[in-house]
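Going by the working numbering, 111 is the number at position 72 of the sequence shown; the sequence numbering is gapless. All residues carry an ideal CB built from backbone N, CA and C; glycine is no exception. Below is one structure, written out as structure tokens; the observations come after it.
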Amino acid sequence: MIRSLLFLSLLMLGLNANTLTQPEIIFQKKCQMCHALAAPESEEEQKAMVAPFMSLAMRSVTIGIDALEEPKGNKELRKLTIEHIEDYIFNPRPEKSFCEDIIFEKFRYMPSLERFISIKEAKIVAPWVYDTFAPANYQVK
Ligand code: HEC
């Protein structure tokens, strides 16, 4: 009995360690309850929204950083944007956000996920968020 319990908890530990290194799973568990993957397709979906869908937020962020920091190319823009996302996850502030005012009127702003996500997980999920949701013309090929 004790041995099988021990085995079971080791198995669960193993599973846990595994999933939290996969960006899709981190996003699913720690971001997607607020950020939908894509634009809402029905009125209900639109009403249920509590944050901008991810490609909308990433459009504002990439266009904003591109204009403000004038990176040399998409590679530099990607790096700056990933740094911004990593910081924003823990220290969101209205004055740091690149979202438009209407987003704040509708959703207010993002809470800090400080005790909800580890730095390691944030560093795994941020590049994936860029590569998955940044506009096509900003992607690094
Ligand atoms: C509790 C709800 C909630 C969760 C959970 C959440 N967000 Fe947000 N997020 C928001 C809201 C609301 C906004 C829009 C207002 C703002 O920019 O603060 C936002 C904005 C953003 C932005 C745009 C920031 C900018 O500079 O304009 C990014 C990028 C982002 N979230 C990434 C993430 C990632 C990655 C996760 C998961 C690790 C996550 N969010 C989890 C609510 C959430």
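Alpha-carbon spacing of arginine 132 relative to isoleucine 121, whole angstroms: 17 Å
Start-end ranges of the alpha helix (DSSP H) lying completely within the region 89-176, minimum 4 residues: 93-108, 113-129, 140-146 and 158-172
Proline 62 (DSSP reduced to helix, strand or coil): helix
Option nearest alanine 175 by Cα separation, candidates Tyr127, Asn113 and Ala90: Asn113
Residue from Gln71, Glu63 and Thr60 whose Cα sits closest to the Cα of leucine 152: Gln71
With 16 other Cβ atoms within 10 Å as the buried cut-off, status of serine 81: exposed
DSSP-derived helix/strand/coil call for glutamate 80: coil
Outcome for proline 91 when other beta-carbon atoms lying within 10 angstroms are tallied against a minimum of 16: buried
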